[in-house]
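In our numbering, the protein residues as written are 4 to 210.
1) Counting along the chain, where does the alpha helix (DSSP H) carrying residue 165 start and finish?
2) Using 8 Å as the threshold, is the C-beta distance between residue 121 and residue 133 below it?
3) For residue 156, count the other beta carbons within 10 Å of its own beta carbon; 16 or more makes it buried, fewer makes it exposed. Which is it?
4) Assign residue 37 to one of three DSSP states: helix, strand, or coil.
5) Report the residue from 66, 187, 58, 65 whose alpha carbon sits nearest the alpha carbon of residue 98.
6) As a quick exercise: from 36, 167, 54, 35, pick the residue whose alpha carbon is nearest that of residue 161.
7) Residue 114 and residue 63 look like a contact to me (Cβ under 8 Å); what is the Cβ gap, rounded to whole Å?
8) Per DSSP, residue 150 forms a beta bridge with which residues?
9) Considering only C-alpha positions, which residue in the set 180, 208, 203 is nearest to residue 86?
10) Figure out for me which residue from 39, 51, 173, 147 has the closest Cα to the Cα of residue 116.
11) For residue 208, count the other beta carbons within 10 Å of its own beta carbon; 16 or more makes it buried, fewer makes it exposed. Which is it?
12) Measure from the C-beta of residue 125 to each C-beta in chain C and report whether the shortest distance is under 8 Å.
13) DSSP three-state label for residue 68, please.
14) For residue 151, I'd like the list of residues in its chain whose CB is within less than 7 Å of its CB, leaving aside the five on either flank, ordered along the chain.
15) Return the bridge partner residues of residue 119 from the DSSP annotation.
16) Just the C-alpha distance for residue 92 and residue 148, rounded to the nearest angstrom, thanks.
17) Among residues of its own chain, excluding the 5 on either side of residue 110, which ones have a beta-carbon nearer than 7 Å to its beta-carbon?
18) Can you tell which of 176, 126, 203, 154 has the C-alpha that lies nearest to the C-alpha of residue 165?
19) What would DSSP say about residue 16, mapped onto helix, strand or coil?
20) Skipping 5 residues on each side, what residues in its chain have a beta carbon closer than 8 Å to that of residue 84?
21) When the Cα of residue 118 is compared with those of 168, 43, 177, 67, which residue comes out closest?
22) Does the beta-carbon of residue 10 have 16 or more other beta-carbons within 10 angstroms, so that it is buried, or is it exposed?
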C-alpha cells in the first residue's frame, strides 16, 4: 500500500462556505484522492473489533433507500468522473443539541463513504465523541490524538480529524470500487501529463 499524506475535505472557511457551490467545487473534486489516501493509510491504524457502518445505514445501500430513511437532503450533487459517477447527499441535523452535517458518498448509486462534520464543538464534546467511537468500535484502547484511524479487516475504516471542523469520515470500498478509484487516479495523472506535454511543445516551438 502507498503511504500518502492525507488531504482534507474541510478546506478554508470563507463567505458561502456551506453553499452548494462550495460542496460542488471542492468536496466533489477532492473525494477521489481523499478516499484513496484514507484507504491506503499505513502506520498507526487502530484495529476495530466491531463492524463499521455509517450510523445505522450499511455500506452498499442505494441512494433511493437512503432518501427513504433520511428524507430530503439539503444538497444533492452529482459529478461524472472518467470511470464512475459520484453522488453526494448532504443532510443537516442535530445530535444531543449539537449541529452536524451528515454527508453520504455514492459510487454509481451505492453508498461507499459517509462523513459527520461538527462545527464549534467544545473540547469536552470532542473528547466525549472520541470516547463514544472507541466504545462502539474498539473498547480496549484510547488515544490522545486529534487525528487517528480505526480499521476493520473487511476494508472498512474511520478517519477522525479534529481540525477546523471535527470530521468523522467512514469508508468501505469493495475490490471493484478500489479498482475504479485507482483507475480514475491513473487516468487523471495521464491527462495531466498529456496537457503538460502539450504546453511544453507549444512553448518550445515559440522559443
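We put the CB at the ideal spot given by N, CA and C, even for glycine. Treat the numbers as computed from the prediction; the structure is a model and nothing was measured.
On the basis of the data shown:
1) No alpha helix (DSSP H) contains residue 165, which is instead part of the beta strand (DSSP E) from 159-165.
2) no
3) exposed
4) helix
5) 58
6) 54
7) 6 Å
8) 164
9) 180
10) 173
11) exposed
12) Absent here is chain C; the protein component of the structure consists of one chain.
13) helix
14) 49, 163
15) 105, 171
16) 29 Å
17) 87, 89, 180, 183
18) 126
19) Reliability of the predicted coordinates at residue 16 is poor, the pLDDT of 40 falling under 50, and no value is obtained from them.
20) 35, 187
21) 168
22) Residue placement at residue 10 is flagged as unreliable, the pLDDT there being 42, under the threshold of 50; a coordinate-derived value is accordingly withheld.
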